[in-house]
Every structure is written in C-alpha cells, then in structure tokens.
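*Asks:* My structure is below; once you've seen it, I'll send some questions.
Here you go:
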C-alpha cells in the first residue's frame, strides 16, 4: 500500500459546484496533515493544514479521520481559479520533518 | 520579502555530464529540503538540512547525487554523470524549524538529460 494515496482525477466540475477530494495514508503514527495546491508547471504552495477537529478557510474545509486514516478537502462554490492539482501531504512519524506527498488530484473548473 | 529562489530555471544537459542546481532559501529559515518531481509523479524526497545538524540523505537515489549547504543558507545539489532518468523538476523548499509542513517552495529547476 502506498504511503499516501489520492484519486488522480481529473475532476471536471462547473463553476459554483461543490467538490470533495479524498486521501488515505498508511502510517498510523502520522502526526501532521496538509493540503498543498500546485498550479500547472508551478511549485506547490500550502493551502491549509488539517486539524483533528476539522477546519475551514473560506470556501475550503478540511477534515481528518484518524481511525480510518483518511483526509478530505471540500471546496464549495468552485471558481475557475481553483483549477489546479491538490496534493495531500502527511508528516510521517513523530518528530520527523520529512513530508510524504500524494501524487495529487487534478481539478478543472469549467465555465 | 523574497521567497525561495532556484537557479537555473531550466537546464538541458547531455548524458554523462555533471550538473549543479542552486537553492537560496528564505532568510532565517533553518530547514531546507530538496525534492524532485518527475512527469506525472508525486514529489520524491531527496535530502534535508536542519541548521548545523548532519543532513538526512536517505532519499538520494544513488551516489551520483550529493548536496551541501554552506553557511546554513545556500544549498547546491550536484548530480554527477547524469542519466536520462534524472530528468525531472528539482524543487527546493525551506521552513522555520518547528513548523513541519509549512514550507515554501522555490520555482524549481527543470532538468532535461538528453
């Protein structure tokens, strides 16, 4: 089983739609979780951290389910500018600075 | 302020040549990472520097790869005797110590080995 798995997509959704991405991780000792966004031929940028209680940042909501080793990202009212690849990122192991990246889920928001 | 910078932005080289890739992290960031991203693949960890500690080189794919970080700032990734499978985008990231995951990436160096 891969350490961090994501549905590669692509997800093609109309503007204004709600879309959800899922991610599973294999190491139960994982401590920290993040969503990064990567635009085409650009570097990844931190979108948001994922907290145990779930957290929201505007139109974006992140959820963590430690029992199922599952992370999700929900985007409401999709904008054209949301088109990008969304990377699920996990900090493997307590005290480790090494991050493991999923391969990403590609989102295309269509006019 | 200035972000992470990398040079060159693109590098085309012939198989067997050596290349050097440079990373200038954000000033004050003690942690520096090198990753690479091949087409359609996820980011692959290469090496991690933290302050004056010995680097974590566990991700380097072969002894042709080496990296150093001088003065706790600029880092150079060297690939000797390049192979076609080395073609990828090499990404550098930096962060403040203690903020795992809150990284800032540079724009990357796109390496093509012919």
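Chains as they are written, first to last, in the working numbering: chain A, 2 to 112; chain B, 11 to 124.
Note that CB positions come from ideal geometry on N, CA and C, so glycine has one too.
Could you give the DSSP three-state label for residue 80 of chain B: helix, strand or coil?
*Replies:* Helix, per DSSP.
*Asks:* Have a look at A:10, A:19 and A:29 and flag the residue whose alpha-carbon is nearest the alpha-carbon of residue 4 of chain A.
*Replies:* Among A:10, A:19 and A:29, the Cα nearest to that of residue 4 of chain A is on A:29.
*Asks:* Going by Cα to Cα distance, which pick from A:7, A:40 and A:31 is closest to residue 84 of chain A?
*Replies:* Looking at the Cα atoms, A:40 is the closest of the given residues.
*Asks:* Mind reading off the beta-carbon distance from residue 77 of chain B to residue 44 of chain B? Whole number of angstroms is fine, and I expect it under 8 Å.
*Replies:* About 6 Å separates the two Cβ atoms, so the contact holds.
*Asks:* Let me check understanding here. Comparing Cα to Cα, which of A:11, A:27, A:12 and A:111 lies closest to residue 68 of chain A?
*Replies:* Among A:11, A:27, A:12 and A:111, the Cα nearest to that of residue 68 of chain A belongs to A:27.
*Asks:* So that I know if they touch, is there some Cβ in chain A lying closer than 7 Å to that of residue 53 of chain B?
*Replies:* Residue 53 of chain B counts as touching chain A.
*Asks:* Out of B:35, B:62, B:40 and B:56, which one is the CA nearest neighbour of residue 17 of chain B?
*Replies:* For residue 17 of chain B, the nearest C-alpha among the options comes from B:35.
*Asks:* In the stretch 26-70 of chain A, which residue ranges form an unbroken beta strand (DSSP E) of at least 3 residues, counting only runs that do not cross its ends?
*Replies:* Entirely contained in the stretch 26-70 of chain A, the beta strand (DSSP E) runs reaching 3 residues are, in chain order, 33-39, 45-51, 56-58 and 61-66.
*Asks:* What are the boundary residues of the beta strand (DSSP E) that includes residue 134 of chain B?
*Replies:* Because chain B is modelled from 11 through 124, residue 134 of chain B falls outside the range shown and cannot be assessed.
*Asks:* Would you list the residues sitting across from residue 104 of chain B in a DSSP beta bridge?
*Replies:* In the DSSP output, where bridge partners are listed per residue, residue 104 of chain B has B:42 and B:114.
*Asks:* Listed in chain order, which residues of the stretch 46-75 of chain A have Cβ atoms closer than 8 Å to some Cβ of chain B?
*Replies:* Listed in sequence order: 46, 47 and 50.
*Asks:* Got a sec: which bits of the stretch 21-51 of chain B sit with their beta carbon under 7 Å from any beta carbon on chain A, in order along the chain?
*Replies:* Cβ contacts with chain A come from 41 and 51.
*Asks:* Check whether chain B comes within 7 Å of residue 28 of chain A, counting only Cβ atoms and requiring the distance to be less than that.
*Replies:* By this cut-off, residue 28 of chain A is not an interface position.
*Asks:* Could you have a look at residue 95 of chain B and say whether DSSP puts it in helix, strand or coil?
*Replies:* Helix.
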